[in-house]
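In what follows, a structure is listed as structure tokens, so that the remarks can point back to it.
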Amino acid sequence: MIDRLSSAYGRLLAGLALAGCAILLAMMLIIVVDVLLRNLAVPGLPRGLAWSNEISELMLYLITMCVAPWLLRRGQHIRVDIVLRAIPPRVAWLLEWVGDAIALGCCLVFAWIGTLAAWSSYVSGAVNIKTLVTPEWWALSPLPVVFVLLAIEMVFRMQRLYRAERAPRADAVNAA
Amino acid sequence: MSSWQLAAWLMLGGSAVLLFIGMPVAFTFIAINIVGAWLYMGGEAGLAQLARSSVNSVTAFSLTPIPLFVLMGEILFHTGLALKVIEGIERLIRRVPGRLAVVAVVSGTVFSAISGSTIATTAMLGSLMLPVMLARGYHPTLATGPIMAIGAVDMLIPPSALTVLLGSLSGISISKLLIGGVMPGIVLSIAFVLWIILRVRLTPSLAPHDGGAVMYQGWERWQPFFAYVLPCLSIFGVVIGALAAGWATPTECAALGAFATIVFALIYRAFSWDALLRALQGTAAISGIILFIILGATTFAQILSFSGASNGLVQLITGQNLSTDAIVAGMMLMLIFLGVFVDQVSMMMITLPIFMPVVQALGVDPIWFGVMFLICMQLGLLLPPHGLLLMTMRGVAPPQVTTGQIFLAVVPYVGMSLLLLAAVFWLPQVATWLPKLIG
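Quick look at the structure:
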């Protein structure tokens with residue numbers, strides 16, 4: 678039962694990552710169109726997209742949000758494993774539990790404070806005023822959602838650790 | 003113990019402990035920031051500020067070149083265009099001792115000019131050129147060393163995702179930092195080629211003369227260069243030219259570069275939707291790792307500052323009556339030491355909140371400092387036992403190449419990188435000449 682749930686949840690996270698890929702492609706195209714329109718006068722079209730920078734930076738944030746839970750599922754959030762490799766495997770496995778428990782707590786706290794920040798922003802009617810004027814809670818609301826997703830994945834991660842060999846995981850150690 | 007010392011121990015010591023028990027870097031910073039924001043930024047109000055700062059940290063136009071520079075390299079590799087580039091370079095380079103190792107370095111330099119990802123360059127060259135070199139009797143150290151070394155140089159030669167990140171986090175001009183990496187990167191590439199030639203001249207058995215290789219003549223020899231290598235390099239020319247001339251921001255250059263690479267693949271009928279999807283997924287993964295750490299870690303510097311720890315540490319360092327050179331040298335040594343244990347993004351996140359105020363207080367040229375910082379990070383990619391490129395090579399090398407040979411293979415290239423660091427330290431013009439000339 679739990680395996681089926683975990684597998685279905687993994688597909689959801691992969692779908693979210695695909696959405697991140699689509700946003701990445703769209704971000705590139707928007708910036709290219711903006712540069713081309715600014716430098717080439719096309720009759721009937723504006724000289725550049727005034728909102729391009731603002732939308733691009735929002736897209737960058739959304740890409741980060743969309744892929745973060747998927748990266749956790751794939752063990753790609755990088756870490757330093759030099760100590761875990763040097764100590765007895767069983768002790769390293771126990772330290773994995775300590776790290777996971779703290780990370781789970783962090784996800785729940787961040788989901789909570791993210792919800793509070795988004796809610797208070799919604800209630801107060803705060804807005805971001807740049808080229809576009811947008812309610813601040815629009816930008817704040819994906820944060821708690823993603824941290825809830827991360828917390829759920831952290832539970833599945835701990836379940837996988839429980840079943841795994843009593844040794845440290847083989848997670849990623851670098852992004853360069 | 004004064005309050006700033008306590009804050010410094012809590013923030014820096016606490017993050018070190020969590021890092022070394024193997025918590026993912028991003029979650030380490032999030033945990034420390036939750037505690038720090040509660041203690042030093044006013045309890046619940048501090049936590050709400052932490053959430054807002056985290057969102058703002060990655061909603062930043064200055065960071066958008068990171069995925070776009072990575073995408074350029076990923077498209078090049080997933081469409082198979084990189085193979086054509088290697089063929090083009092291989093046909094041109096003839097009668098040189100250690101010819102294939104030289105081809106690997108030159109190809110790696112060309113890839114560096116298009117790719118913003120060191121791991122992609124190393125994995126690509128390792129999977130394509132290493133089997134050929136080993137099959138032709140090259141010694142494993144000569145076959146693996148140049149590939150790892152030139153992979154690390156990718157970080158210096160623009161476009162480079164990590165250079166953008168360094169510029170964004172440190173407040174150093176991203177354009178000048180990107181251009182500042184060109185000269186040291188090219189110097190290292192030339193030094194690697196000269197070293198290979200010298201090494202094979204002294205010990206010819208390291209690289210048997212490849213008599214079996216087909217030597218093309220006339221137009222056949224030059225055709226792939228004009229068909230593939232030159233157009234590839236023209237992407238670099240457009241990106242860096244527009245950046246240097248101030249016509250476009252780093253973000254716009256990166257987007258144009260990524261778009262040009264897709265057009266390039268379309269023209270050469272190398273484009274497929276599957277290749278694009280794999281390139282986008284690879285890019286999303288690398289960028290997501292970096293950006294999520296930024297989201298978790300940005301407030302770290304603010305809390306250090308609010309608690310008084312930054313100011314206290316800066317006064318402690320500058321009050322030791324040490325010369326500016328001695329302090330900068332100390333910082334570089336610390337970076338090299340950190341490079342043995344931690345990844346490049348963490349190196350920046352841990353050190354920049356302390357180093358940059360010191361650099362400003364001492365009036366050090368930020369471009370000079372930034373380029374040396376990049377060279378130290380590049381060294382970290384090659385330092386045993388955890389250098390990323392050593393691990394990447396272990397992943398693509400056949401079992402007959404031992405891990406000991408891989409470690410041994412990088413030693414001369416690490417030595418040359420250290421010499422370059424010393425050269426930039428004593429002759430800052432190596433790093434600052436080009437950015438000053440252009441900017």
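Those protein sequence lines, which keep their order, are chains U and R. Under the numbering used here, the first residue of the first sequence carries the number 678, and numbering increases by one thereafter. Under the numbering used here, the first residue of the second sequence carries the number 3, and numbering increases by one thereafter. Using N, Cα and C, we set each Cβ at its ideal position, and we do this for glycine too. The structure displayed is predicted, hence computed values, not measured ones.
For Ser-733 of chain U, decide whether its Cβ has a neighbour in chain R, counting only Cβ atoms nearer than 7 Å. Chain R has a Cβ within less than 7 Å of the Cβ of Ser-733 of chain U.
Quick one: any contact between the segment 18-27 of chain R and the segment 688-706 of chain U, if contact means 3 or more CB pairs under 8 Å? no
Of all Cβ atoms in chain R, is any one closer than 7 Å to the Cβ of Ala-853 of chain U? Here Ala-853 of chain U scores only 47 on pLDDT, less than 50, and its place in the model is too uncertain to base an answer on.
In chain R, which residues lie less than 7 Å from Asp-758 of chain U when you measure between Cβ atoms? Gly-24
Determine the chain U residues that contact Arg-54 of chain R at a beta-carbon separation under 8 Å, and present them in chain order. Within 8 Å Cβ-Cβ: Ala-794 and Leu-817.
Can you list the residues of chain R that Gly-791 of chain U reaches, using a CB-CB cut of under 7 Å? Within 7 Å Cβ-Cβ: Ala-53.
Hey, Leu-245 of chain R and Pro-252 of chain R are a contact pair by Cβ (cut 8 Å); roughly how many whole angstroms apart? Rounded to whole angstroms, the Cβ separation of Leu-245 of chain R and Pro-252 of chain R is 6 Å, and the two are in contact under 8 Å.
Once the 5 residues before and after Ile-91 of chain R are set aside, which same chain residues still bring their CB inside 8 Å of it? Val-105, Val-108, Ser-109, Val-112, Phe-227 and Val-231
Rounded to whole angstroms, what's the CA-CA distance from Ala-853 of chain U to Lys-178 of chain R? Just pull it up for me. In this prediction, Ala-853 of chain U scores a pLDDT of 47, lower than 50, which makes its location untrustworthy; no coordinate-derived value is stated.
Does Gln-753 of chain U come within less than 7 Å of chain R when only Cβ atoms are used? yes
Residues of chain U with CB under 7 Å from Glu-254 of chain R, in chain order? For the C-beta of Glu-254 of chain R, the chain U residues within less than 7 Å are, from N- to C-terminus, Ile-708 and Val-712.
is_contact[Thr-883 of chain U, chain R] using C-beta, thresh 7 Å: This structure cannot speak to residue 883 of chain U, because chain U is shown only from 678 to 853.
Exposed or buried, Tyr-236 of chain R, counting other C-beta atoms within 10 Å across all chains shown (16 or more means buried)? Residue 236 of chain R is actually Ser in this sequence, not Tyr. With fewer than 16 Cβ atoms within 10 Å of its Cβ, Ser-236 of chain R is classed as exposed.
Helix, strand or coil, according to DSSP, for Val-757 of chain U in the structure here? Of the three classes helix, strand and coil, the one that applies to Val-757 of chain U here is coil, per DSSP.
So what does Asn-805 of chain U bridge to, in DSSP terms? U:Thr-811
Consider the Cβ of Thr-61 of chain R: report whether some Cβ of chain U lies at a distance smaller than 7 Å. Taking 7 Å as the threshold, the shortest C-beta distance from Thr-61 of chain R to chain U falls below it.
Excluding sequence positions up to five away, which residues of its chain have a Cβ less than 8 Å from the Cβ of Ile-181 of chain R? Pro-160, Ile-242, Leu-245, Ala-246, Leu-436, Pro-437, Ile-440 and Gly-441
Starting from Val-786 of chain U, find everything on chain R with Cβ-Cβ shorter than 8 Å and list it in chain order. Ile-36 and Leu-49
Output, in chain order, the set of chain R residues within a Cβ distance shorter than 9 Å of Ile-679 of chain U. Per Cβ cutoff of 9 Å: no residues; Ile-679 of chain U is ~23 Å from chain R at best.
Look at Thr-301 of chain R and Leu-49 of chain R and say whether their C-beta atoms are less than 7 Å apart. Taking 7 Å as the cut-off, the Cβ atoms of Thr-301 of chain R and Leu-49 of chain R do not count as close.
Taking the alpha-carbon positions, what's the Ile-645 of chain U to Met-334 of chain R distance? In the structure as shown, chain U starts at 678 and stops at 853, and residue 645 of chain U therefore has no counterpart that could be examined.
Val-712 of chain U versus Glu-254 of chain R: straight-line alpha-carbon distance, rounded: Cα-Cα distance, rounded: 7 Å.
What in chain R is Cβ-close to Val-832 of chain U, meaning under 9 Å? Those within 9 Å of Val-832 of chain U in chain R number zero; the least Cβ separation is about 14 Å.
Neighbourhood of Ala-10 of chain R by C-beta, 7 Å cutoff - its chain only, sequence neighbours within 5 removed: Ala-311, Gly-314 and Leu-315
Cβ shell of Thr-811 of chain U (< 6 Å), same chain only, five flanking positions each side left out: Asn-805
Just verifying my parser: in three-state terms, what is the DSSP assignment at Ile-296 of chain R? helix
Is it buried or exposed, Arg-681 of chain U, if we count other Cβ atoms within 10 angstroms and call 16 or more buried? exposed
Can you list, in chain order, the residues of its chain with a C-beta nearer than 6 Å to that of Leu-820 of chain U? Leave out the 5 residues immediately preceding and following it. Gly-791
Starting from Val-57 of chain R, find everything on chain U with Cβ-Cβ shorter than 7 Å and list it in chain order. Per Cβ cutoff of 7 Å: Tyr-738, Ala-816, Leu-817 and Leu-820.
Taking a contact to mean a Cβ-Cβ separation below 7 Å, would you say Thr-143 of chain R touches Ala-399 of chain R in this structure? no
How far does the alpha helix (DSSP H) with Pro-723 of chain U in it extend, from its first residue to its last? Taken as a continuous stretch (DSSP letters only), Pro-723 of chain U belongs to no alpha helix (DSSP H), as it is neither H nor E.
Indicate the three-state DSSP secondary structure (helix, strand or coil) for Trp-428 of chain R in the structure shown. helix
Determine the chain U residues that contact Gln-431 of chain R at a beta-carbon separation under 8 Å, and present them in chain order. Within chain U, no residue has its beta carbon less than 8 Å from that of Gln-431 of chain R; the closest one is some 28 Å off.
Might you give, ordered along the chain, the residues of its own chain that have their beta carbon closer than 8 Å to the beta carbon of Leu-714 of chain U, omitting 5 neighbours on each side? Leu-722, Pro-723, Arg-724, Gly-725 and Leu-726
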